[in-house]
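Going by my numbering, the first residue of the sequence shown is number 24, and it counts up by one from there. Working notes, beginning with the structure itself.
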Amino acid sequence: MNHSITDAIKRISFQKAGLFEETRFEKVHNIIFNDAYEASIVVAHEIAQLIRQKQVENKPCILGLATGSSPTKVYEELVRLHKEEGLSFYNVITFNLDEYYPMSKESVHSYWYFMHEHLFNHIDIPSKNINIPDGMIAQDEVIQYCLDYDRKIEEVGGLDFQLLGIGRTGHIGFNEPGSHQNSGTRIITLDHVTRADAAPSFLGLSNVPKRAITMGIQTVRKSKRIVLLAWGQNKAEIIKETVEGEVSSEVPATYLQEHNNTTFVLDNGAASQLTRVKTPWLVSDCVWDEELKGRAIVWLCERLNKSILSLTDKDYNDNGMSSLLALGGSAYQLNVQMFNKLQHTITGWPGGKPNADDSSRPEREYPHQKRVLIFSPHPDDDVISMGGTFDRLVEQGHIVHVAYQTSGNIAVSDHEALKFAEVSKDMAQGENCSFLNEIINQLTNKSENEIDSPEVRRLKGLIRKGESLAATRFEGVPDNQVHFLNLPFYETGTIKKNPLGEADIQILCDIIEEVQPHQIYAAGDLADPHGTHKVCLDGIFAAIERLKIQPFMKECWVWLYRGAWHEWDIHEIEMAVPMSPDQVLKKRQAIFFHQSQKDGVMFQGDDLREFWQRAEDRNRETAQKYRMLGLAEYAALEAFRRYHF
């Protein structure tokens, strides 16, 4: 094992929380990595080290394992270590945390299927050593089965290592809010948020089982070592509550505060709400760069409910920001500097204003007519997240191209596709309809775990293509400037996508080279629970990295938008485009063209608002925050952050 990995394993070794001043609000040991991949590699090597140590001692290694998206990279690295570095699992006995109930192990939704797909089929673990709760055990046998599951763990010596994820309700395993600290393995009823989070992989909330078998809190806490993984900004709030809050049955993960060998392994997104990350000036000395200054001043305004220009020296001194005050000279100087910075983010000319001084504007004046390339991960993200800016760019004479990165076909429900197929059949008026009859037959006789055929996926993709063209025509974009990239990574027919590949990156390179844009707009909405936005953005970044030596790229600026799932924090915004009430209504109309994504869509998440409502609420909230800080009042604002390459 190389020294860097050894050092990294030591880094995540347990130490008591709160040893240092910057962690004084924390009650669980946690380590922050730049990204989930790096963190997963280290955790996998800790597990591998434990397996090898037990082999030297001629003892079994007892692992508690989790499912879901969080541990997949850990399992991937364990498989690599087995195949390339000879790590054997002959002495490993595993116990999985949970399983849906009822759930056949043959189902693609079962955790039996998940574990074999990601780990067990690729290593040399004896099948008799694999223990996963039986989702088909008879109802009258469940209680005894659960008692036996716990007893079997005890009989083999208890769990040496327990790997965990965390749900947005704070659940570990399926120990939902209200779980008792002494609970053992049992059958439980799933929380609505947990089911909503699982809905995409089941292609709808109604398909998610309402119950599950899970290890209990006590079962988990008996483990000798616990590592909990959390990735992404959508886990940030619950991580803060778990790490810094009080122990509570309403947040079951807080029970881990009382375990003497637990480490939370986080990426930057999941750690972003921790005090030492979000407001470091409260717990340590800071290096006050421009971004941290902005974050601190906005935080102070929100905390005191004051506008920027009304902050006083006392406000700074009383709230842990005396060092910033000393650096800035006075509250007046800091306030004016911050006010001007935010004021200069606001522009009604997202493509640059002709014949105007651009020294304090977010965009350049020249060229007056810019080539603009808007990347949209799904076929509606463009109008949901930047519909007002989109409209401005077209209205102000720029040459706007839109590139839809994926087909979005799995987000079209079967009943929506059936409607289109039946209308098409009726229009054919008795002509050769065998193709349509086959599609109608597939849709009406589809089994629970059946993946859509290529023909059905094509129909669903065409539905979204038609909706997109209707919206772009409404915005005034010619059809020849609308591009449907259909990136291959997406076309699996399931929620699980392929990794980003060379073919995907080349398609993105080709469209950028074809348009040679002065502006690129891309989705930086990394809280997308399906992960497609993240993959699409990674692809764009990879394409830009390859093309940045091209002469035309020297004139290209990249702007990242959000809004589908969350919004930029105020201090992060570098361009804010205001919308009038009429423009808000026009944006809403553009979103309405995406009819298949209205009225109870398949991938709603736990937010019951429709996407147009979410977009309007977020744009309105951004405008209200600007107003609260003392800037002009607008009906709505769309926000962007520049990506430098």
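Every residue, glycine too, gets a C-beta built ideally from N, C-alpha and C.
Indicate the three-state DSSP secondary structure (helix, strand or coil) for V115 in the structure shown. As a first step, residue 115 must be located in the sequence shown, where it is residue number 92. The answer is strand: DSSP assigns V115 an E or B state.
Considering only C-alpha positions, which residue in the set Y172, N342, N114 is nearest to C324? In the sequence shown, the residue the question calls residue 324 occupies position 301. The shortest Cα separation from C324 among Y172, N342, N114 belongs to N342.
Give me the Cα-Cα distance between E122 and I236, rounded to the nearest whole angstrom. Counting from 1 along the sequence shown, the entry for residue 122 is found at position 99. Counting from 1 along the sequence shown, the entry for residue 236 is found at position 213. The alpha-carbon atoms of E122 and I236 are separated by roughly 5 Å.
Expected contact under 8 Å - CB spacing of F37 and N284 to nearest Å: Position 14 of the sequence shown, counted from the start, is the residue given in the question as residue 37. Position 261 of the sequence shown, counted from the start, is the residue given in the question as residue 284. Indeed they touch by this definition, with Cβ atoms about 5 Å apart.
Any idea if T29 is buried or exposed, counting beta-carbon neighbours within 10 angstroms, 16 or more meaning buried? The residue given as residue 29 occupies position 6 in the sequence shown. The residue in question, T29, is exposed, as its Cβ has fewer than 16 Cβ neighbours within 10 Å.
Are the CB atoms of S491 and Y427 within a distance shorter than 7 Å? Reading the sequence shown from its first residue, position 404 is the one you call residue 427. Reading the sequence shown from its first residue, position 468 is the one you call residue 491. It is a contact, given that the beta carbons lie within the stated cut-off.
Could you pull out every unbroken beta strand (DSSP E) segment of at least 3 residues lying fully inside the region 33–61, listed in chain order? 52–56
Within its chain, find whatever has a CB closer than 6 Å to the CB of N509; leave out the 5 residues flanking it on each side and keep chain order. Stepping through the sequence shown from its first residue, residue 509 is reached at position 486. Around N509: S430.
Return the first residue and the last residue of the alpha helix (DSSP H) that G484 is part of. Locating residue 484 in the sequence shown gives position 461, where the first residue counts as 1. It spans 477–498 - the alpha helix (DSSP H) in which G484 sits, taken as one unbroken run.
In the DSSP assignment, the beta strand (DSSP E) including W582 goes from what residue to what residue? One-based indexing of the sequence shown puts residue 582 at position 559. Residues 580–584.
Rounded C-alpha distance that separates S333 from A599: Along the sequence shown, read from residue 1 onward, the residue named residue 333 stands at position 310. Along the sequence shown, read from residue 1 onward, the residue named residue 599 stands at position 576. Approximately 23 Å, taken between the alpha carbons.
Taking contact to mean 3 or more Cβ pairs, one atom from each stretch, closer than 8 Å, check whether the region 238–247 and the region 203–215 are in contact. yes
Please list, in chain order, all residues of the same chain as P501 whose beta carbon is under 8 Å from its beta carbon, the five residues on each side excluded. As a position in the sequence shown, residue 501 is number 478, starting the count at 1. So the list is empty, once near-sequence residues are dropped.
On the premise that K393 lies in contact with H541, defined as a C-beta separation below 8 Å, what is that separation, rounded to the nearest angstrom? The residue you call residue 541 lines up with position 518 of the sequence shown. The residue you call residue 393 lines up with position 370 of the sequence shown. Indeed, because the Cβ distance is near 4 Å, the residues count as touching under 8 Å.
Grouping DSSP H, G and I as helix and E and B as strand, with all else coil, what is V65? The count along the sequence shown starts at 1 and reaches residue 65 at position 42. Three-state result, V65: helix.
Please report the distance separating the alpha-carbon of N81 from that of L347. As a first step, residue 81 must be located in the sequence shown, where it is residue number 58. As a first step, residue 347 must be located in the sequence shown, where it is residue number 324. Going by the C-alpha atoms only, they are around 58 Å apart.
Under the DSSP definition of a beta bridge, which residues are partnered with V274? Mapped onto the sequence shown, residue 274 falls at position 251. Its beta-bridge partners are S271.
Whole-angstrom Cβ separation of G586 and E661, contact assumed at under 8 Å? Residue 586 sits at position 563 when you count from the first residue of the sequence shown. Residue 661 sits at position 638 when you count from the first residue of the sequence shown. Going by Cβ atoms, the distance from G586 to E661 rounds to 7 Å, so yes, they are a contact pair.
Let me make sure I understand the geometry here. Which of D527, L279, A259, I261 has the alpha-carbon closest to that of I21? Given that the chain is displayed from residue 24 to residue 668, the structure contains no residue 21 and the question cannot be resolved.
Could you say which of W372, V425, V395, T368 lies nearest to S383 if we only look at CA atoms? As a position in the sequence shown, residue 383 is number 360, starting the count at 1. Taking only the C-alpha atoms, the option nearest S383 is T368.
Report the CB separation of Q529 from F575 in whole angstroms; it is logged as a contact under 8 Å. Counting from one through the sequence shown, the residue named residue 529 turns up at place 506. Counting from one through the sequence shown, the residue named residue 575 turns up at place 552. That pair is no contact at about 18 Å.
If distances are taken between C-alpha atoms only, which option among V79, K519, C579, H68 comes closest to Y389? In the sequence shown, residue 389 corresponds to position 366, counting from 1. The residue with the shortest Cα to Cα distance from Y389 is C579.
What's the gap between the Cα of Q573 and the Cα of P511? Position 550 of the sequence shown holds residue 573. Position 488 of the sequence shown holds residue 511. Rounded to the nearest angstrom, the two C-alpha atoms are 26 Å apart.
Based on the DSSP output, what are the partners of N198 in its beta bridges? Your numbering for residue 198 matches position 175 in the sequence shown. Bridge partners of N198: I195.
I596 classed as buried or exposed, judged by whether at least 16 other C-beta atoms fall within 10 angstroms: Your numbering for residue 596 matches position 573 in the sequence shown. Answer is buried; the Cβ neighbour count reaches 16.
For S399, three-class secondary structure by DSSP: Walking along the sequence shown from the start, residue 399 turns up at place 376. Correct three-state label for S399: strand.
Taking C-beta to C-beta, are P275 and N340 nearer than 7 Å? Here residue 275 corresponds to residue number 252 of the sequence shown, with the count starting at 1. Here residue 340 corresponds to residue number 317 of the sequence shown, with the count starting at 1. No, the pair does not count as a contact, with Cβ atoms beyond the cut-off.
P94 versus A222: straight-line alpha-carbon distance, rounded: Here residue 94 is taken as the residue at index 71 of the sequence shown, counted from 1. Here residue 222 is taken as the residue at index 199 of the sequence shown, counted from 1. Distance between the alpha carbons of P94 and A222: 19 Å.
Between the Cα of S603 and those of G371, Q162, I407, spot the shortest distance and give me the residue it belongs to. Looking up residue 603 in the sequence shown gives position 580. Looking at the Cα atoms, G371 is the closest of the given residues.
State the Cα-Cα distance for the pair A655 and Q452, rounded to the nearest angstrom. Within the sequence shown, the letter at position 632 stands for residue 655. Within the sequence shown, the letter at position 429 stands for residue 452. Each residue's Cα considered, the two are about 59 Å apart.
Distance CB(S246)-CB(L315) smaller than 7 Å: Along the sequence shown, one-based indexing puts residue 246 at 223. Along the sequence shown, one-based indexing puts residue 315 at 292. Cβ distance not < 7 Å, so S246 and L315 don't count as in contact.
How far does the alpha helix (DSSP H) with T217 in it extend, from its first residue to its last? As a first step, residue 217 is located in the sequence shown; it is residue number 194 there, counting from the start. Counting along the chain, T217 sits inside the alpha helix (DSSP H) bounded by residues 215–225.
Below 8 Å on the Cβ atoms is my contact criterion, and I expect L120 with L88 to pass it. Report the Cβ-Cβ distance as a whole number of Å. Translated into positions along the sequence shown, residue 120 becomes position 97. Translated into positions along the sequence shown, residue 88 becomes position 65. Confirmed, Cβ separation roughly 7 Å.
Rounded straight-line distance, which links the Cα of K50 to that of A444: Within the sequence shown, residue 444 is the residue found at index 421, counting from 1. Within the sequence shown, residue 50 is the residue found at index 27, counting from 1. Pairing A444 with K50, the inter-Cα distance amounts to about 57 Å.
Taking the alpha-carbon positions, what's the F362 to A646 distance? As a working note, residue 362 is residue 339 in the sequence shown. As a working note, residue 646 is residue 623 in the sequence shown. Taking the straight line from one Cα to the other gives about 15 Å.
Which residues bound the alpha helix (DSSP H) around L347? On the sequence shown, position 324 is the one that residue 347 refers to. Element bounds for L347: 345–351.
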